[in-house]
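Colleague: Going by UniProt numbering, the sequence shown opens with residue 1, and the numbers climb by one from there.
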Amino acid sequence: MSVREIDIEVCFACKKCRLAFLTDLPLLSHQRQCYGPSQESRGAFRIVQTGFECRLCCNMEKYKNLEDLQVHLDSEEHRQRAEAESPLRHEMEDVVNQITLLAARAAQENPQAHMLDTNSNTFCQPSEPKRRFLSPTHALTSAGH
Numbered sequence: 001m002s003v004r005e006i007d008i009e010v011c012f013a014c015k016k017c018r019l020a021f022l023t024d025l026p027l028l029s030h031q032r033q034c035y036g037p038s039q040e041s042r043g044a045f046r047i048v049q050t051g052f053e054c055r056l057c058c059n060m061e062k063y064k065n066l067e068d069l070q071v072h073l074d075s076e077e078h079r080q081r082a083e084a085e086s087p088l089r090h091e092m093e094d095v096v097n098q099i100t101l102l103a104a105r106a107a108q109e110n111p112q113a114h115m116l117d118t119n120s121n122t123f124c125q126p127s128e129p130k131r132r133f134l135s136p137t138h139a140l141t142s143a144g145h
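Here it is as structure tokens:
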């Protein structure tokens with residue numbers, strides 16, 4: 001799907017008195033009065049809300065809830081963009097299906113081929129793992145007795 005979750009800035013709040021402002025400029029002028037001479041200790045909270053963005057339409061519009069997003073997804077503008085993008089996806093799906101069919105036919109024609117892993121490196125196989133213990137079939141040898 002062409003939708004992604006994003007953070008939407010809702011407001012900024014003064015850390016000292018918790019008064020909220022829509023942008024950071026009014027917050028800064030408020031903090032000059034709120035903090036008085038101790039400006040270095042001032043701070044703020046950035047309040048965000050999870051929202052949504054349509055990556056397909058590229059209109060940079062952000063939707064604050066699923067209902068607003070659904071209205072956009074049902075809009076004529078979005079449907080036209082979605083239809084314009086769909087043919088390539090269908091063509092890609094057809095290509096993948098054709099490759100899968102060819103691979104299945106090749107496996108039927110040569111039954112030994114499916115036993116080989118074509119993705120493995122057959123030239124550099126790992127060496128046998130070193131045994132830490134003797135197997136029960138090996139006899140223990142003594143030191144000269």
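Every residue gets a Cβ at the ideal spot worked out from N, C-alpha and C, and that includes glycine. Small disclaimer: the values here were computed from a predicted structure and weren't measured.
So who's on the other strand from Asp7, going by DSSP bridges?
Modeller: Thr50
Colleague: Would you mind stating whether Phe12 and Phe45 have Cβ atoms separated by less than 8 Å?
Modeller: The Cβ-Cβ distance between Phe12 and Phe45 falls below 8 Å.
Colleague: What are the residues that DSSP puts in a beta bridge with residue 148?
Modeller: As shown, the chain starts at 1 and ends at 145. That puts residue 148 outside it, with no answer to give.
Colleague: How many angstroms separate the CA atom of His72 from the CA atom of Gln49?
Modeller: 19 Å
Colleague: Measure the alpha-carbon distance for Ala106 versus Tyr63 and round it to whole angstroms.
Modeller: CA-CA distance, Ala106 to Tyr63, rounds to 50 Å.
Colleague: Is Cys17 helix, strand or coil by DSSP?
Modeller: coil
Colleague: Using 10 angstroms around the beta-carbon of Glu53, count the other beta-carbons present and answer buried if the total reaches 16, otherwise exposed.
Modeller: buried
Colleague: Please check the pair Lys15 and Gly43, which I expect to be a contact at CB under 8 Å, by giving their CB distance rounded to whole angstroms.
Modeller: Taking C-beta atoms under 8 Å as the contact rule, Lys15 and Gly43 qualify, at a distance of about 4 Å.
Colleague: By Cβ distance, which residues of its chain are closer than 8 Å to His114, with the 5 residues on each side in sequence left out?
Modeller: Confidence at His114 is low in this model, with a pLDDT of 47, below 50, so its placement is unreliable and the value that follows should be read with caution. The answer, listed in chain order, is Ala107.
Colleague: Name the two residues that bound the continuous alpha helix (DSSP H) containing Arg32.
Modeller: Unbroken alpha helix (DSSP H) run through Arg32: 24 to 34.
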